[in-house]
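Following the UniProt record's numbering, the numbering of the sequence shown begins with 1 at its first residue and continues without gaps.
Just below is one structure, and these are the notes that go with it.
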Amino acid sequence: MELTSKRRISGKEKRRRKERGKGTERGELGISQAVVLAAACFFISRACFMGQMFPAGISLLTVLLSRNPLNLYLLPFLLLGVGSYYKSGIPIVGDLAALCGGALVFLCAGRLSLRTWQKALIAGSIVVIANSVYYIAGGMLYRLSMQQLVLEGLLTAALCGVFDRSCACGMLRTESAENNQREGTEAEGIFSFCSGFMLAAVGSGIPWLLFPLAMAAVLFAGYFFGVSGGILSAVSCSLVLLLCNGEFLAVFLLLAGGVTAGFLQRQSRILTSLCFCAAVLGMGLPDLSANMSVPFYAPVAAAALLVLMPVRWMNRFESALGALLNGEGYGERQTAIKTAEYLKKVRKNFDDLSALFAGQDNHRQLLSYEFRAISRILDHTRQAADIAPVKTAVRYRSETAWAGYAGEQGVSGDSVLWEELPDGNFAIVLSDGMGKGRTAAAESSLAVTTVIQLLKAGLDAELVLKILNSILLLNAEKEVFSTIDLGILNQKTGKMKFYKIGAAPTFIKRRNKQVESLNVSALPMGIVEGIHIDYVETSLSPGDQVILISDGVTDSKREDAEMKWLTETIMGIRSKDPQTMCDLIMNRAVENYGLREKDDLTVATVRME
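This is the structure in structure tokens:
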């Protein structure tokens, strides 16, 4: 029986195509959004860092023009924002020149596919060059500070990243085939949105509004998005206040308020407000008499806003904020949270049923495993719905190949199957059905398919193998047995677990050409009840090859109990190609049989990259 690996196209490509389609469907910004953007550009560009630097305007312009050249209409508002300081005595000509130069550069480079760090580097360089030319041309070389220039360039580059994430999560969340920018996450949205919000507050020039607005941002972020939202908001607001106003003590007070509001996420608004005020004012009590960084009225005003806001306004504000930070998926996430609560209750019911049938006869024991499996599936579903999707990077990849030889009637009783699991792990399973021909092929095919499908459903390997053992025991009178050789590779850490139930040894060829063998003694599946599942774990490095074999390969030279011939064969193969490894081992095993009747032979090789 010939099984081929089924390499499914991951959903990532489908999502990319869908997102590209969405990009063409989004219309131009409406008038209201254009007005909001113009006001935001004016106030954000007015944010003065350390009393003499204006990096926010050029950073925002860089991101806006990279997203859409038509955003050039916002340049006058940015120039007006910086230009409003012309009577303050702060040198602003260099920053105005940087804005104009940046507009020219990024309009000309609009068709180039630049990464965020490249745009940030260009913007920072423009700021440094423009200010240097201004000081030198104006005969003010004595006022030129290289430290200040470098710092302003670095701030410009950093703010490019902040505004890029803000646009990716907010109103300008667009993707084109040219720039192919990724969509922002909720965490990035919270941090960047709060940073932009506080920069606009600083640019308003109303000092007594800064701390109430910062407190309100932290309180609402914690209340709606939990501890992580409160902390991210507190950090972003604190950084802006520190760089623009030099307020150092505000960092600790805002963090205390953010954590408190996050712990009381979606609880009573009165309780949340009282605890928020207590945490902030309590942290400031030691310095309340003279040095408290945050005025007394700031946390009180923020708490009053949360308590007094009508429910209808609260719901609208939450929906607007969520849509701004997390886009079209926000409504789906809210539904998923409610669904998760229901799944949590249902899961407990199946846990109780599983415990009820545990320890009874074989048929009822199978029911226990089934109920437990359903419970695990519900738990995985609940976890996926309960938290925002997190994209985890996969560090390693696997290249797999196999070769087989069918004995009786051209039908092999061995089956092999592999697949990448939804959690990013990679699984490969080899099964040898007892006997030969179609019966053995059917049993081994059932075994490998069941294992892979249950693993894809989210069950752990131990439970999967116990379920399979119980299934095979239901047909015990026919003496249907199968070996299982299961390997699960964690493609983030490089560690691989091997579950071997009556299977032949597994060989690992390291990059240094050394060959190791792994073996676990256990009876095949479907013989005894309550089978004990054990595994061996090893760490792999890029270039290592894992070779799984059926017992037909090991039996080809029974007089060599230690299988030195196989170790030598593997060591002698110089090719790094998994298919070549399989073919050469298969050829050597067939040669070993000579004229003897050959058993079914299967070799599978996984090479980690």
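Cβ atoms here follow ideal geometry from the backbone N, Cα and C, with glycine treated the same way.
The DSSP-derived three-state label of GLN118 is helix. DSSP places LYS564 in the uninterrupted alpha helix (DSSP H) bounded by 564-572. Where THR602 is concerned, the enclosing beta strand (DSSP E) starts and stops at 601-608. At the C-beta level, LEU65 and LEU79 stay beyond 9 Å of one another. Between the stretch 223-239 and the stretch 58-72, the count of C-beta pairs closer than 8 Å stays below three; the two stretches do not touch. Taking the Cα positions, SER166 is about 10 Å away from VAL63. By the neighbour-count definition (other C-beta atoms within 10 Å, threshold 16), GLY502 is a buried residue. Secondary structure at ASP560: coil, using DSSP grouped into helix, strand and coil. CA-CA distance, MET198 to ILE428, rounds to 52 Å.
With fewer than 16 neighbouring CB atoms inside 10 Å of its own CB, GLN118 falls in the exposed class. Inter-segment contact for the stretch 417-436 and the stretch 549-557 is present: three or more beta-carbon pairs are separated by less than 8 Å. Only residues of its own chain outside the window of five on either side were considered, and among them none has a CB closer than 6 Å to the CB of MET146. With a cutoff of 9 Å on beta-carbon distance, LEU454 and VAL464 are scored as near each other. Taking LEU255 as the centre and dropping the five residues before and after it, the same chain places the C-beta of ILE231, ALA234 closer than 7 Å to its C-beta, in chain order. DSSP places ASP544 outside any beta strand (DSSP E), giving it a letter other than H or E.
Between ALA103 and GLN545, the alpha-carbon positions lie close to 53 Å from each other. Counting only the Cα atoms, ILE92 lies some 54 Å from GLY494. Here PHE49 has PRO55, LEU155, LEU243, CYS244 as same chain residues with Cβ atoms under 7 Å from its own Cβ, once five neighbours each way along the sequence are excluded. Membership of ASP432 in the beta strand (DSSP E) is indicated by the continuous run 426-433. Listed as beta-bridge partners of GLY404 by DSSP are THR602. About 27 Å separates the beta carbons of PHE498 and LEU474, which is beyond the 8 Å limit, so they are not a contact pair. Beta-carbon to beta-carbon, VAL411 and TRP402 are separated by about 16 Å, too far to satisfy the 8 Å threshold. Secondary structure in the stretch 88-157: the alpha helix (DSSP H) runs of 4 residues or longer, each lying completely within the stretch, are 93-108, 116-137 in chain order. Under the criterion of beta carbons closer than 8 Å, PHE163 and GLY196 qualify as touching, at roughly 7 Å. Three or more beta-carbon pairs separated by less than 8 Å are not found between the stretch 525-532 and the stretch 567-579, which leaves the two stretches without contact. As the crow flies, the alpha-carbon of VAL240 is around 21 Å from that of VAL300. Counting C-beta pairs with one atom in each stretch, the stretch 583-590 and the stretch 530-545 have fewer than three that are closer than 8 Å, which means they do not touch. The three-state reading of DSSP puts PHE54 in coil, since its state is none of H, G, I, E or B. The beta carbon of MET215 sits closer than 6 Å to the beta carbons of ALA298, PRO299, ALA302 from its chain, once the five residues preceding and following it are set aside; these are given in chain order. With fewer than 16 neighbouring CB atoms inside 10 Å of its own CB, TYR86 falls in the exposed class. If you draw a 10 Å sphere on the C-beta of VAL128, you find 16 or more other C-beta atoms in it, and that means buried. According to DSSP, residue pairing for PHE163 in a beta bridge does not occur. Beta bridge pairing from DSSP links TYR499 with LEU486. Rounded to the nearest whole angstrom, the C-alpha separation of ASP599 and LEU486 is 21 Å.
A distance of 9 Å or more separates the beta carbons of PRO295 and PHE220. Non-local beta-carbon contacts of ALA200 in its own chain, meaning distances under 7 Å to residues more than five positions away in sequence, involve ALA40, PHE43, ILE44 in chain order.
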